[in-house]
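Contents: one structure, followed by commentary.
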Amino acid sequence: MSHKTTNDTTTIHPNAKKLIVFLDCGDTIIDEGTEIRDDNDIVIQANVIPGADIMVKTLAERGYILAIVADGRAQSFKNILTQNGLYDYFTTMIYSETIKASKPSSRMFKAAIGALDLSEQDCSRIVMVGNNLSRDVKGANAMGITSIFLSWTPRYPKLHADESEIPDYTINHPLELIDLVEKLNEELG
């Protein structure tokens, strides 16, 4: 997935889609309930949510640019995404540890936008998929990014605390994201 900018015209992979997909990791791709941590609280092993690996691979194979935007420690994500064969599907990975901020901070989303050589004008063609209304959805909504709530886990609230946490879309299973992303990409024209 090459990505270069020349004279303000973005040339992307011939297969590339207009829609950009930001994904949280814990309870969005990886089942937090299966995490095994070492003495330094680094996740050394964890399983994917059923279907999440297929979802990531399918979106990447269809030409979508994927980015991880997640709260946590870089080594944890490297361990579990590599172990599950998903690390190389992401164009960039933004972690709260390295950004020194956590979602819903706009710094997390702006870091991902910058890492992909995009600007805030591109927010209308980005989706943020996550399991946490107060972090993923609230942060995306504040940036004008389409929010997609993955309501898979029982570990986090499923009811929004206020208007800022209302997702644009809700899905219950990772595989549902594939058709939704295709539909949203088509709507971009």
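Residue numbers (the numbering used here): 6 to 194.
Idealized CB from N, CA, C, for every residue including glycine.
Predicted, not measured: the structure shown is a model, and the values here were computed from it.
query: Do you know whose CA, among THR87, ARG140, PHE114, lies nearest ILE131's CA?; result: PHE114
query: Could you have a look at PHE206 and say whether DSSP puts it in helix, strand or coil?; result: Missing from the structure shown is residue 206; the chain here goes from 6 to 194 and no further.
query: Would you grab the beta carbon distance between ASP29 and VAL74 for me? Rounded to a whole angstrom, and I think it's under 8 Å.; result: 7 Å
query: Does the pairing of the stretch 62-81 with the stretch 110-127 give three or more beta-carbon distances under 8 Å?; result: yes
query: Which of the three DSSP states, helix, strand or coil, is assigned to THR63?; result: helix
query: Expressed to the nearest angstrom, what Euclidean distance is found between the alpha-carbon atoms of LEU182 and SER124?; result: 24 Å
query: For ILE59 versus LEU180, is the C-beta distance shorter than 9 Å?; result: yes
query: Among the candidates LEU64, TYR69, ASN146, PRO159, whose CA atom is the shortest distance from the CA of ALA21?; result: TYR69
query: Round the Cβ separation of THR33 and VAL142 to the nearest angstrom and send it over; I've been treating them as touching at under 8 Å.; result: No, THR33 and VAL142 are not in contact; Cβ-Cβ is about 12 Å, not under 8 Å.
query: Can PRO109 and ARG140 be called in contact, C-beta distance under 9 Å?; result: yes
query: Straight-line CA distance for SER107 to SER101?; result: 5 Å
query: With distances taken from CA atoms, which of LYS62, GLY149, GLN126, ARG78 is nearest THR96?; result: LYS62
query: Does DSSP classify LEU124 as helix, strand or coil?; result: Per the sequence shown, the amino acid found at residue 124 is Ser instead of Leu. SER124 falls in the coil class under three-state DSSP.
query: Helix, strand or coil for LEU155 per DSSP?; result: strand
query: For ALA65, I'd like the list of residues in its chain whose CB is within less than 7 Å of its CB, leaving aside the five on either flank, ordered along the chain.; result: LEU71, TYR94
query: ALA147 lies in the beta strand (DSSP E); which residues open and close that run?; result: Here ALA147 belongs to no beta strand (DSSP E); instead the alpha helix (DSSP H) covers 143-148.
query: Could you pull the start and end residues of the beta strand (DSSP E) that LEU180 belongs to?; result: Here LEU180 belongs to no beta strand (DSSP E), and DSSP marks it neither H nor E.
query: Between the C-alpha atoms of ASP13 and ILE41, what's the straight-line distance to the nearest angstrom?; result: At ASP13, the pLDDT of 38 sits below 50, so the modelled position is not reliable; the number obtained from the coordinates is stated separately. Those two C-alpha atoms are separated by around 45 Å.
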